[in-house]
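Residue numbers (this note's numbering), protein chains in the order written: chain A, 1493 to 2161; chain B, 1493 to 2161.
Shown next, in the form of structure tokens:
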């Protein structure tokens, strides 16, 4: 490689990015200089010649999306955001990776204006970008009218070889190829280096052929040659029949005399000396955080251009609203959910079935709600009636056939949700929540209201056996911060949980649903359903015959509380009746959501679980965690067994009789 | 398709499999008839013309491995096991999916002789088979000598389109292609149907080109034409430079007049009438569980052939032992671990570093120990010194570069472990345990001693920020039944945990390791290290000045117990000292393993956490679960932050002062 000097303003701009990136990493003495040095020209060309965005309004609805799937390239992104005029200062860059800064160690949408999503865990960005492109197609197909291209933008991704090796990327790429998402353009920073050394240590894919086999349009470009990158992006934008991959050959740590092309430049500060040498090689002055005025001026044109783009678009939207009043439901979706048209239930029904019916009632009100399943549409209950599958030839369809790709599905659901303008859900069996946990976690971290449906939620599913019977999953999901895990006890509680999920704004929700039918136990009035409080008294105890004086509690007098979730609430109810016959006053609490309950005032929480009243928990899952509320447990801390559901439940102790026995033993302690 | 009659004995055999499969599903009124009907000829040809196995000894070391990655084809496998003479009776088939049967709803190695591994969650079988092929190459390269092909077998997989869609399969296929695992042969049951309908609903991959791009040898065969399948397998066995994929075109539900070629035949019993019609179409009598004697005789030849194969091999091994006494270490690996050569530590050191040193001490003793990392070899500490990478041209190398493929890595570790003759480990950051949970769970379910290393185990990793800081992961792993999660407090406890992991037989172990250095706190004598008890008193309290009479406990008198794990043990120790100065007698317990502790006798457990002595838990992770042992917690139930590790730990309360404050508050309650 020849040393790139700053003969042109564009070279100066590129090297300004490089300088800022290595300075920030050096000052933090922590970070990843390699990717920004190598991919700066690629990102520069994209951001200044193609990306339609408005730095003054990072939330402009019709902006092009840029997803840095290779999250370890954050300094590239932070530099671009600062330079093009987002709400990020040079001081923010100087505070990189320090307590309280807006420039965390990997990008976070909740901290930094202009960051579309949190990335770092590889593959997530790629897969969520597929969701964004789905949202763009769905919305544009439904909203746009001749002369009114209201929704019309590209989704760009910058990814690394690490992204390409992750399974979730394959799933997402395969789905994108199937869906022919032609406005998705992925730039692959092909620097031939991984953390452990050259990529050929572990990676021999023929990437061009691989992506072509998935139905992608593939090009190669010289990542150091801006015109080469520019041409490829221009062609990719014209290749609208397929998603595009542009393999950009780059050099990791470009410019660093000693570390360029080496894995050493990937994930550690270059060192003071090498920073100096690098700047010299790049033809830049030694000055820390150097931003030449002409470079800044060049970048900041984005503010003017961006505002113009948005202004023109806003005018178009005004005209559209005036001529197309029916568009309101799409442009200004009403967040609240009207429950008067929710389904009625009369007979025992599986909560997955109740979920499907409620989903359809909501879908009628909310045309922007889309989703699907990982090849389990019927089993989980995800089909929106009267709508086709979302396919290349039916882009207004609301049912997404995600294929057997749980991980990409949930990441894409995040992408659709992040896109905004849509709400999205994905569904599979609870056992397969393990296949998509990284996406669930990221939704929680990004504070977005993705909706995750998980049916077949316990050993109660029966015959499919231990490989398909969740044990630890429910509790493992509850452990994820900011994820509202809801396990409703019957059809009406399910409907209430759906309403909660639809009205969530800053957290994802997981609905945990049964395969088997459950009796109706909870009130039919969804608007005032106590599921919103997370836990509530479903059956109050009769006055205790044993401790009538000693144990007076706010909401009644009980000897014992039995708390249960989902399918075990009916078992708890029956156990309560058994105990009452023996003169033991048992209160039964349904606890669909720990998340909601733990956000209630202390008074309320103590009114449900009064001090000094013993509690038994009943849940067909790991008992780990239940000690927070209960002193004795009916649960399962080992793998399940293959047999009809009722037999498995009985054999493992989920019977009223066993719950009563455990309760009696607790009272004797 | 023409109706296949039973003109030949082979057709009769194939249709016997089909009949047994649909009968068993029909009797259980639950299951998956589609795959066995469609893929019976493929499996039949493999099992009777190619597979080298001995039904009388399912554990014969040099058997070909057969992995049914499409676990929903269990009836195909159970039928073959019964028919060829494994320890599985016709009555077992009749008990399919019933309580206590040896024929569970998906295959389980722990229940059914001849089942190599548990499958059902798609992709796991494929990826673990890659591990088996790795083990075969590693062992054969190290053990075999001219004239002594001691280890020499194929690994066969039967997979479905669902397997091919899962990301873990891509990761594994890419790795297998890179490693040129020529003795891996995958038969793809290409039936064009998924649960939700035709595969073209969501799957448009060009599978041939995709796998060729990954370095595979690809063929196509007519799955209904036994000669076509036979030829392809023969060619695949000769194509030793690359792993082989054989795309077998089949018809799901073959023979069923109304359901063949339809998704309806996939996952539900055909119905009594359709079973009759299917048998008629197949030219078979109506009789339930019909096994014609000539078919059984044909299948049972496998017993004779198999015994001969094993006998010949045994003689070869005898001769090999006699002429190659040095082979003993390979053929009869000694399970116990000698700790006299374990490293000594004098200074504070990260437990990931202590792990790396201990691993190397063990590797010197145990030549059959292999493993690696998902592109984080140095960071996690997985390199075995003095050994090259395991590559096509260095197949005796012990360091496997798994690439950025966490899921396939851990599934392959399972495969290597299942293969036997090897012990295997895989390593990545704890945050990425989410990327491989299905493999961790399956190891636990299969009761195999895989070793999983997870470093960078808390917010203490610092700058990389919330996307990389585990919060819920530790507890979410503890929730998996039969997984021994160990989080050592210092270098010596790390060494002790490694010894425990190496001596485990029926459960996998996860070692949770720090990025940051930790002081030495625990005894250096590994042989008698109390880590084996899961939790133990590290610092005994001085005699309580507050309750000297009231609270007498077996192992001392304390006002308070502070229990901590990993990096927080030193914080707990310092907090204990602070409290002692105030006259509060605090015992400090190190609790590296809940799994081991919960298997101790009650007396021991109560000696550690005496009744009525309050307990504070200190762990830089989710508090969910700790209520089992403690009444107050220093933990973190929200996402972390990007800043230097010590700052993050301090800001979130992991300081001796804060632990002392929480302790005082608990004592006041």
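Even for Gly, the Cβ is constructed at its ideal location relative to N, Cα and C.
Just so it is clear, the structure is predicted and the values come from calculations on it, not from any experiment.
So is residue i in contact with chain A if we call contact Cβ pairs under 8 Å?
| i | result |
| --- | --- |
| residue 1959 of chain B | yes |
| residue 1702 of chain B | yes |
| residue 2008 of chain B | no |
| residue 1694 of chain B | yes |
| residue 2004 of chain B | no |
| residue 1644 of chain B | no |
| residue 1893 of chain B | yes |
For residue i, does the three-state DSSP call read helix, strand or coil?
| i | result |
| --- | --- |
| residue 1712 of chain B | strand |
| residue 1707 of chain A | coil |
| residue 1473 of chain A | Any property of residue 1473 of chain A remains undetermined from this structure, which presents chain A solely from 1493 to 2161. |
| residue 1781 of chain B | coil |
| residue 2068 of chain A | helix |
| residue 1920 of chain A | strand |
| residue 1702 of chain A | helix |
| residue 2150 of chain B | helix |
| residue 2092 of chain A | coil |
| residue 1544 of chain B | coil |
Could you name the residues of chain A that residue i contacts, counting a contact when the two beta carbons are closer than 9 Å?
| i | result |
| --- | --- |
| residue 1613 of chain B | 1923, 1924, 1926, 1927, 1959 and 1960 |
| residue 1896 of chain B | 1614, 1615, 1652, 1653, 1654, 1655, 1656, 1657, 1658, 1686, 1687, 1694 and 1695 |
| residue 1784 of chain B | By Cβ distance, chain A contributes nothing, its closest Cβ being about 29 Å from residue 1784 of chain B, past 9 Å. |
Return no unless some Cβ of chain B is closer than 8 Å to the Cβ of residue i.
| i | result |
| --- | --- |
| residue 1657 of chain A | yes |
| residue 1697 of chain A | yes |
| residue 2041 of chain A | Residue placement at residue 2041 of chain A is flagged as unreliable, the pLDDT there being 47, under the threshold of 50; a coordinate-derived value is accordingly withheld. |
| residue 2131 of chain A | yes |
| residue 1990 of chain A | no |
| residue 1967 of chain A | yes |
| residue 1610 of chain A | yes |
| residue 1584 of chain A | no |
| residue 1563 of chain A | yes |
With 16 other CB atoms within 10 Å as the buried threshold, where does residue i fall?
| i | result |
| --- | --- |
| residue 1501 of chain A | exposed |
| residue 1764 of chain A | exposed |
| residue 1807 of chain B | exposed |
| residue 1756 of chain A | buried |
| residue 1678 of chain B | buried |
| residue 1804 of chain B | exposed |
| residue 1911 of chain A | buried |
| residue 2021 of chain A | buried |
Please list, in chain order, the chain B residues whose beta carbon lies closer than 7 Å to that of residue i.
| i | result |
| --- | --- |
| residue 1963 of chain A | 1973 |
| residue 1670 of chain A | 1694, 1695 and 1696 |
| residue 1519 of chain A | In chain order: nothing, as chain B lies at least about 12 Å away. |
What residues from chain B crowd round residue i, counting only those whose CB sits closer than 8 Å?
| i | result |
| --- | --- |
| residue 2143 of chain A | 1591 |
| residue 1515 of chain A | Within 8 Å Cβ-Cβ: nothing; residue 1515 of chain A doesn't reach chain B, min ~16 Å. |
| residue 1847 of chain A | Simply none; closest approach about 17 Å. |
| residue 1596 of chain A | 1957, 1958, 2133 and 2134 |
Which chain A residues sit within Cβ distance under 7 Å of residue i?
| i | result |
| --- | --- |
| residue 1970 of chain B | 2116 |
| residue 1662 of chain B | 1659 and 1662 |
| residue 2091 of chain B | What residue 2091 of chain B touches in chain A: nothing, since even the nearest Cβ is about 12 Å away. |
| residue 2098 of chain B | By Cβ distance, chain A contributes nothing, its closest Cβ being about 14 Å from residue 2098 of chain B, past 7 Å. |
Would you mind telling me which residues of chain B sit closer than 9 Å to residue i, beta carbon to beta carbon, in chain order?
| i | result |
| --- | --- |
| residue 1937 of chain A | 1958, 1959 and 2131 |
Inset, instruction - Decide yes or no for the touch test of the region 1716–1723 of chain B against the region 1915–1928 of chain A: beta carbon pairs closer than 8 Å, at least 3 of them. - result: no
Inset, instruction - Evaluate contact between the region 1560–1571 of chain A and the region 1592–1606 of chain A, counting only Cβ atoms and requiring at least three cross-stretch pairs below 8 Å. - result: yes
Legend entry - contact_flag[the region 2145–2157 of chain B, the region 2050–2067 of chain B] where n(CB pairs < 8 Å) is 3 or more: They touch, by the three-pair rule.
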